[in-house]
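If you read the sequence shown in our numbering, its first letter stands for residue 3, the second for the next number, and so on. One structure below.
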Amino acid sequence: MSALISDDEIKHETELVWLEDIAQLDYVRQSLDRLPTRGAKPAYFRDGRMVGYAILGPKAKASRASGTFRRRVFWLLPHDRDTAPEGLYATGAPAEAVDPRTLTPGVKGRKTERSEGGPPSTAMQELGITLPL
3 MSALISDDEI
13 KHETELVWLE
23 DIAQLDYVRQ
33 SLDRLPTRGA
43 KPAYFRDGRM
53 VGYAILGPKA
63 KASRASGTFR
73 RRVFWLLPHD
83 RDTAPEGLYA
93 TGAPAEAVDP
103 RTLTPGVKGR
113 KTERSEGGPP
123 STAMQELGIT
133 LPL
């Protein structure tokens with residue numbers, strides 16, 4: 003979904019709040035969700051877990067139709083590489099995934115060699131896990 007996120011949709015972000023240490027994650031999934039506030043921690047209804055979210059500044063406008071704000075939410079599913087290192091995403095990454103180290107407020111982020119299954123993260127190295135390259 004990162005390709006579907008426009009710069010205009012995230013231009014009012016002032017902060018990204020991380021709920022986990024992103025240095026330990028090769029990638030995170032990102033989506034734009036309709037949320038009732040600019041900054042409160044959003045409710046999470048997907049499988050898996052939320053690992054972060056964006057906070058919007060005061061210039062962000064709510065939708066006239068719904069009264070909600072479009073905010074980025076970062077998340078992982080149970081079959082993602084951090085919990086299933088030899089699974090579906092041992093190499094490659096989901097379409098909406100980006101390397102969390104490339105994300106900042108107002109920046110979409112991008113895939114990297116690491117997010118695509120390149121050099122393993124510190125956590126994987128400590129566990130002795132190696133990816134097929």
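Where is the CB? At the ideal position from N, CA and C, for every residue including glycine.
Residue i - partner residues in DSSP beta bridges
i    : result
T106 : V109
R73  : D35
L129 : Its beta-bridge partners do not exist; DSSP assigns none.
A99  : R31
L78  : R51
Assigned exposure category for residue i - 16 Cβ within 10 Å defines buried
i    : result
E15  : buried
L6   : exposed
A147 : Any answer about residue 147 is impossible in this case: the structure gives the chain only from 3 up to 135.
V87  : Checking the sequence, you will find Pro at residue 87 rather than Val. Classification for P87: buried.
A99  : buried
G111 : buried
L129 : exposed
L135 : Confidence is the limiting factor: at L135 the pLDDT is only 36, short of 50, which leaves the residue's position unreliable, though a coordinate-based value still follows. By the neighbour-count rule (16 or more Cβ atoms within 10 Å), L135 is not buried but exposed.
G120 : exposed
Cβ-Cβ separation, residue j to residue i (assumed contact under 8 Å), whole Å
i   : j    : result
V53 : L78  : 6 Å
G94 : E115 : That pair is no contact at about 12 Å.
F71 : T106 : With a Cβ gap of about 19 Å, F71 and T106 do not count as contacting.
Candidates the options, of which the one nearest residue i by Cα
i   : options                 : result
E22 : K63, R103, G120 and P96 : R103
Residue ranges of each beta strand (DSSP E) run of no fewer than 3 residues wholly in the region 39-63, ordered along the chain? Counting only runs of 3 or more, we get 51-58.
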